[in-house]
């Protein structure tokens, strides 16, 4: 069910869409943020083998889970000057109607992101959007949880986020005569480090990139903490007080959850990356991390707590420098290798992780923290003999062919559909 519509500054139309026909085998159980293109299908009517065999539904830019979030309000974090009604009447070609000015909410690098309200569980997401020739790529980040039904949001001329909430329980609350509240959320401490992205860099290592250096004391505060994991786990679940009254939500509540312990912590990349040594990640599910004792490197400001989640999606990247022996042609290379001299046969193997196989999209998602995705200086990647990407590709059902393309020549070392 479509709910909100909004254009971004590029003139592209987006909408929030609440879950589809979940009683049908191919119904979509998750809420969506969609990029709307004329003539495309977005879930209704769904494909039918007999009546609509050729129908193809567009995938969402992002999907919000677990099921029953009720995605509602939508706004783009794009500063703009006021648009005067009288001048718009004189200029009928204008793309936008009359509207007040809008400031920027949050740090500068949040500019252009979509802000989405989830009514049933009281959530607000920030969605990073990257436009490509093939459509938009998105990554959602949960930035707030509320104890009321969260319906809509808007950004004021001063850059404050105003949130409209309704009283009562999901889904309908106390009805049209019930009480509601407006909240103003302000970004008041621009010196406070904000998390950019979190990822599992190895089976027993988690990294969190921040936009500013952290105080070293955070490494002491986080050691011994536990990371919760499970299919329906999300950041800051302890604050969730609204539960949609459906059987599937009750099933989510009793679904298995586990915990892994944080064994050690250190800072990297000029104290902007928190590196955690953990017990091994046992499942390909969502992991929720709480970081207490957060403050800037200078130690000033209030001590805060950051909640975020991550999963095991992404791409392993290896910047490889061949050994000296491998750089010689054919038989000469074999002869040099036969000498067994370690210095001649040892290459360099530098690992990294990216949230997307297209490195330009990965960089746009991470923004200024792009270099923090690597465990080595980016100059070494540019100078490497070759770069390899390792990822699992899940093809659509019954697919027997997948097309991969790139701007430069590449080699497919080992491929299979999963």
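Numbering (the numbering used here), first residue to last: 212 to 629.
Each residue gets a CB set at the ideal place from its N, CA and C atoms; glycine is no exception.
query                                                                                                                             : result
Sub-8 Å separation of residue 562 and residue 522 beta-carbons                                                                    : no
Span separating the alpha-carbon of residue 506 from that of residue 429                                                          : 8 Å
Complete runs of the alpha helix (DSSP H) confined to the region 387-457 [at least 4 residues]                                    : 429-433
Counterpart residues of residue 245 in DSSP-defined beta bridges                                                                  : 226
For residue 564, the three-state DSSP class (helix, strand or coil)                                                               : strand
Collapsed DSSP secondary structure at residue 574 in the structure displayed                                                      : helix
DSSP-derived helix/strand/coil call for residue 336                                                                               : strand
Buried versus exposed call for residue 516 [16 or more other C-beta atoms within 10 Å across all chains shown]                    : exposed
Residue 295 in three-state terms, based on DSSP                                                                                   : coil
Contained beta strand (DSSP E) runs [length at least 3] in the region 464-512, N- to C-terminal order                             : 469-479, 484-489 and 497-505
Runs of beta strand (DSSP E) wholly within the region 336-366 (minimum 3 residues, chain order)                                   : 346-356 and 360-366
Coarse secondary structure for residue 462, derived from DSSP in three states                                                     : helix
Chain-order list of residues whose beta-carbon lies under 8 Å from that of residue 659 (same chain, five-residue window excluded) : There is no way to answer for residue 659, as the model of the chain reaches only from 212 to 629.
Separation of residue 422 from residue 630, as counted between CA atoms                                                           : Nothing about residue 630 can be read from this structure; the chain reaches only from 212 to 629.
Nearest-angstrom Cα separation, counted from residue 444 out to residue 326                                                       : 21 Å
Residue span of the beta strand (DSSP E) that contains residue 516, given as start and end                                        : 515-521
Pair within 8 Å by beta-carbon distance, residue 417 and residue 500                                                              : yes
Segment contact, 8 Å Cβ cut-off, at least three pairs: the region 212-232 with the region 281-289                                 : yes
Residue 316 classed as buried or exposed, judged by whether at least 16 other C-beta atoms fall within 10 angstroms               : buried
Contact belief for residue 292 with residue 274 at Cβ below 8 Å, rounded distance in angstroms                                    : Not confirmed; about 34 Å, so no contact.
Cβ-based burial, residue 597 [other Cβ within 10 Å; buried from 16]                                                               : exposed
Paired residues, beta bridge with residue 259 - DSSP                                                                              : 263
Limits of the unbroken beta strand (DSSP E) element including residue 215                                                         : 213-218
Which of helix, strand or coil DSSP assigns to residue 286                                                                        : strand
Selected residue, minimal CA-CA separation from residue 520, among 338, 440, 310 and 617                                          : 440
Member of 585, 277, 381 and 482 whose CA lies at the smallest distance from the CA of residue 412                                 : 585
Integer Cβ distance of residue 281 from residue 294, believed to fall under 8 Å                                                   : The pair is not a contact, with the Cβ atoms about 31 Å apart (cut-off 8 Å).
Cα-Cα separation between residue 491 and residue 415, rounded to whole angstroms                                                  : 5 Å
Own chain, CB closer than 6 Å to residue 459, minus 5 neighbours either side, in chain order                                      : 278
Interface flag, residue 410 vs chain B, CB-CB below 8 Å                                                                           : In the structure shown, chain B cannot be found, because there is only a single protein chain.
Where the alpha helix (DSSP H) containing residue 591 begins and where it ends                                                    : 589-593
Close Cβ partners of residue 348 (< 6 Å) along its chain, the five nearest in sequence each way excluded                          : 341 and 572
DSSP three-state assignment for residue 583, whether helix, strand or coil                                                        : helix
Cβ-Cβ distance between residue 358 and residue 384 below 8 Å                                                                      : no
Where residue 617 sits in the DSSP three-state scheme                                                                             : coil
Residue from 427, 389, 619 and 367 whose Cα sits closest to the Cα of residue 485                                                 : 427
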